[in-house]
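S.K.: This is the structure I have questions about; it appears just below.
2 protein chains.
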Amino acid sequence: MEHPHLALVVDDEPQMLDIVTFALETQGFASVSAKDAESAWSLFRNRRFDLVVLDVMLPQSSGLSLCRRIREVSAVPVLLLTAKSGVQDRIAGLEAGADDYVTKPFHPRELALRAEAIVRRTAVAPAPVELVHGPLRVGQDAATVHGRYLHLSALELRLLRRLASAQGQPVSFRDLLLSGWQIDEGPGGREMLKTALYRVRKALHGEGMPRAIRAVRGVGYELPHPGRD
Amino acid sequence: MEHPHLALVVDDEPQMLDIVTFALETQGFASVSAKDAESAWSLFRNRRFDLVVLDVMLPQSSGLSLCRRIREVSAVPVLLLTAKSGVQDRIAGLEAGADDYVTKPFHPRELALRAEAIVRRTAVAPAPVELVHGPLRVGQDAATVHGRYLHLSALELRLLRRLASAQGQPVSFRDLLLSGWQIDEGPGGREMLKTALYRVRKALHGEGMPRAIRAVRGVGYELPHPGRD
DNA sequence: AGTGAAGGTCACAGGGCTGTGACCGAGCGT
DNA sequence: ACGCTCGGTCACAGCCCTGTGACCTTCACT
Numbered sequence: 033m034e035h036p037h038l039a040l041v042v043d044d045e046p047q048m049l050d051i052v053t054f055a056l057e058t059q060g061f062a063s064v065s066a067k068d069a070e071s072a073w074s075l076f077r078n079r080r081f082d083l084v085v086l087d088v089m090l091p092q093s094s095g096l097s098l099c100r101r102i103r104e105v106s107a108v109p110v111l112l113l114t115a116k117s118g119v120q121d122r123i124a125g126l127e128a129g130a131d132d133y134v135t136k137p138f139h140p141r142e143l144a145l146r147a148e149a150i151v152r153r154t155a156v157a158p159a160p161v162e163l164v165h166g167p168l169r170v171g172q173d174a175a176t177v178h179g180r181y182l183h184l185s186a187l188e189l190r191l192l193r194r195l196a197s198a199q200g201q202p203v204s205f206r207d208l209l210l211s212g213w214q215i216d217e218g219p220g221g222r223e224m225l226k227t228a229l230y231r232v233r234k235a236l237h238g239e240g241m242p243r244a245i246r247a248v249r250g251v252g253y254e255l256p257h258p259g260r261d
Numbered sequence: 033m034e035h036p037h038l039a040l041v042v043d044d045e046p047q048m049l050d051i052v053t054f055a056l057e058t059q060g061f062a063s064v065s066a067k068d069a070e071s072a073w074s075l076f077r078n079r080r081f082d083l084v085v086l087d088v089m090l091p092q093s094s095g096l097s098l099c100r101r102i103r104e105v106s107a108v109p110v111l112l113l114t115a116k117s118g119v120q121d122r123i124a125g126l127e128a129g130a131d132d133y134v135t136k137p138f139h140p141r142e143l144a145l146r147a148e149a150i151v152r153r154t155a156v157a158p159a160p161v162e163l164v165h166g167p168l169r170v171g172q173d174a175a176t177v178h179g180r181y182l183h184l185s186a187l188e189l190r191l192l193r194r195l196a197s198a199q200g201q202p203v204s205f206r207d208l209l210l211s212g213w214q215i216d217e218g219p220g221g222r223e224m225l226k227t228a229l230y231r232v233r234k235a236l237h238g239e240g241m242p243r244a245i246r247a248v249r250g251v252g253y254e255l256p257h258p259g260r261d
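In order, the protein sequences belong to chains A and B.
All the letters of the first sequence, read from the start, carry residue numbers 33 to 261 under the numbering used here.
All the letters of the second sequence, read from the start, carry residue numbers 33 to 261 under the numbering used here.
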């Protein structure tokens, strides 16, 4: 017997939480609630969810910001709840990686059916993609230069992967911190980042790619395409 | 410009190595040679190959045994070289996870074209499968019980995955050592395995699955289906 | 019941990873 | 040229992972 899908529902209004969780449960979901982004994030990191239902308007930290954080580490479906007038929110939401949205007020049945449809489509996690950058290839579990494995820790690999995915464009400190540590910028963050990237550079240097990573002062770092100075 | 595919060619006959590597290079492959299983394994672990061409008859350690070791950690295409009379070898080779075979003597062009075809089909690594075992779900990067993440190291996760993939059947010490450490049985192996599985059991116990892993005396361990005693 | 082998438990030690703080060099603005 | 900020380098310390060895418990055989 299959276990029910588990949804994380994030909204600061208790009545809305009740409506959403009830609608989902009539469709066979189990659900856990959070009333702000921080507690939602904490729950998300400790349990495995099949769906996240997320109000855009959250206190202190935007629902979209939470959506981005989630997207950095997971392909879990995200369903946004937006206000009727929030056209820009809806566009921003899809750009932040949400899969769908429902506009308030909504019929609970519609939400439940949309949730069910999204989860049904999420049958298999997408195949991990290998990023190619000149002689550098960065997969999900390892990276190589000219076919030779780099000796990198998991943290270092995440950072290198983020740089490679930018296709030669600069990546901000903030994005790198998000990718490497799943945190927003704060004190000490850049110091950790400096050292971690130093270690990645050493590994690249050891396999014949010195000076691959370049600092962009005040912005972040980049992995320029080969042949560019 | 795309880099050439890199092949690992394993054969104990120098003349055969020359024939194979020359044939592959005419098809645009780069190649590295090994004359026995151990040196091949060492090369394989340190570089990333797009293809392995593997003679079945190797000194000291069978080519099939090497094929199995490779398959434990990689989906890289494997092309076997077999003797004309080796029907059972060929069947055993496919069962060991090889993708294709070429029978000696062979036309170098045929080998090259088969190699090219295999590599062309290997476009994307298969999506990682999540194994479900009652309330336990074991993915490639994490495992959960009732949706709650288990705190496991990479080694522990590999072992749990191996047990879960056996669908309630016992898994031998040898298979567990292969999955966890990529080694054959030797002195001290079972001691490490005992301790590592002890740590996995502790984690399962902490999330509500005590006694999940059961020893099968003299054979190995199993993860029986729930409801069986 | 006794014995020996196999499995379970546990703590210790070593190595690797990671965050931190200090120091030095480079770059930019004045 | 100078000063300040930002980036690079490095070593240290703490934590986690892992292999090992010792000891205890359990099980199977006689």
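By construction, the Cβ of each residue, glycine as well, lies at the ideal position given by its N, Cα and C atoms.
The model shown is predicted, which means the values in this text are computed figures rather than measured ones.
#1: Using a Cβ cut-off of 8 Å (strictly closer), state whether Leu236 (chain A) contacts chain B.
#2: Going by the beta-carbon positions, is the gap between Ala69 (chain A) and Leu49 (chain A) smaller than 8 Å?
#3: For Arg243 (chain B), which of helix, strand or coil comes out of DSSP?
#4: So who's on the other strand from Arg190 (chain A), going by DSSP bridges?
#5: Can you name, in chain order, every residue of its own chain whose Cβ lies under 6 Å from the Cβ of Ala159 (chain A), other than the five neighbours on each side?
#6: Out of A:Ala62, A:Val177 and A:Trp73, point me to the one whose CA is closest to Arg103 (chain A)'s CA.
#7: Per DSSP, Leu168 (chain A) is paired with what?
#8: Might you give, ordered along the chain, the residues of its own chain that have their beta carbon closer than 7 Å to the beta carbon of Leu229 (chain A), omitting 5 neighbours on each side?
#9: Cys99 (chain B) and Ala130 (chain B) - do their beta-carbons sit closer together than 8 Å?
#10: Using 8 Å as the threshold, is the region 73 to 84 of chain A in touch with the region 37 to 52 of chain A, meaning 3 or more CB pairs across them?
#11: Taking only beta-carbon positions, decide if Leu38 (chain B) is within less than 8 Å of chain A.
#12: Rounded to whole angstroms, what is the Cα-Cα separation between Leu126 (chain B) and Asp132 (chain B)?
#13: Counting Cβ pairs, one atom from each stretch, are 3 or more of them under 8 Å apart for the region 173 to 182 of chain B and the region 236 to 244 of chain B?
#14: What residues of chain B sit near Arg11 (chain A), judged by a beta carbon separation below 9 Å?
#15: Could you give the residue range of the alpha helix (DSSP H) that holds Leu56 (chain A)?
#16: Could you run through the region 170 to 187 of chain B and flag, in chain order, every residue whose CB is less than 7 Å away from some CB of chain A?
#17: Counting only Cβ pairs nearer than 8 Å, list the residues of chain A close to Arg272 (chain B).
#18: Could you confirm whether any beta carbon from chain A is found closer than 8 Å to the beta carbon of Arg260 (chain B)?
#19: So, is the C-beta of Gly60 (chain A) closer than 8 Å to a C-beta in chain B?
#20: Mind checking which residues open and close the beta strand (DSSP E) that includes Asp207 (chain B)?
#21: Among A:Ala144, A:Asp44 and A:Ser94, which has the Cα closest to the Cα of Glu57 (chain A)?
#22: Taking just the CA atoms, how far does Ser93 (chain B) sit from Arg249 (chain B)?
#23: Nearest to Ala55 (chain A) by alpha carbon, out of A:Lys226, A:Arg141, A:Pro109 and A:Arg77?
#24: With a 10 Å radius around its C-beta and 16 neighbouring C-beta atoms as the bar for buried, classify Ala196 (chain A) as buried or exposed.
#25: Which of helix, strand or coil does DSSP assign to Pro258 (chain A)?
#26: Could I get the ranges of all uninterrupted beta strand (DSSP E) runs contained in the region 88 to 156 of chain A, with 3 residues as the minimum, in chain order?
#27: Excluding five sequence neighbours on each side, which residues of the same chain lie with their C-beta closer than 6 Å to the C-beta of Pro258 (chain B)?
#28: With a Cβ-Cβ cutoff of 8 Å, do Arg80 (chain A) and Gln214 (chain A) count as a contact?
#29: Bridge partners for Tyr253 (chain A) per DSSP, in chain order?
#30: Is Arg80 (chain A) helix, strand or coil when you go by DSSP?
#31: From the DSSP output, in three-state form, read off Ala69 (chain A) for me.
#32: Could you round the C-beta distance between Asp43 (chain B) and Val52 (chain B) to whole angstroms and report it? I think they count as a contact, below 8 Å.
#33: Taking a contact to mean a Cβ-Cβ separation below 8 Å, would you say Leu111 (chain A) touches Ile150 (chain A) in this structure?
#34: Just how far apart, CA to CA, sit Ser211 (chain A) and Arg194 (chain A)?
#35: Classify Leu184 (chain A) as helix, strand or coil using the three-state DSSP reduction.
#36: Can you round the beta-carbon distance between Glu188 (chain A) and Val232 (chain A) to whole angstroms, since I take them to be within the 8 Å contact cut?
M.R.: Let's see:
#1: no
#2: no
#3: coil
#4: Answer by DSSP bridge pairing: none, since Arg190 (chain A) is not bridged.
#5: Because the pLDDT at Ala159 (chain A) is just 47, under 50, the model does not fix this residue reliably, and the point stays unresolved.
#6: A:Trp73
#7: A:His165 and A:Val177
#8: Leu191, Ile245 and Tyr253
#9: yes
#10: yes
#11: yes
#12: 7 Å
#13: yes
#14: The structure shown does not extend to residue 11 (chain A), since chain A spans only 33 to 261, so no value can be given for it.
#15: Pro46 to Thr58
#16: Thr176, Gly179, Arg180 and Tyr181
#17: This structure does not reach residue 272 (chain B), given that chain B is present from 33 up to 261, and the question cannot be answered.
#18: Below a pLDDT of 50, predicted positions are generally treated as unreliable, and Arg260 (chain B), at 49, falls in that range; the measurement from the model is reported next regardless. Output row for Arg260 (chain B): interface = no.
#19: no
#20: No beta strand (DSSP E) holds Asp207 (chain B); the alpha helix (DSSP H) holding it covers Phe205 to Trp213.
#21: A:Ala144
#22: 28 Å
#23: A:Arg141
#24: buried
#25: coil
#26: 110 to 114 and 132 to 135
#27: Gly166
#28: no
#29: A:Val203 and A:Ala247
#30: coil
#31: helix
#32: 7 Å
#33: yes
#34: 7 Å
#35: coil
#36: 5 Å
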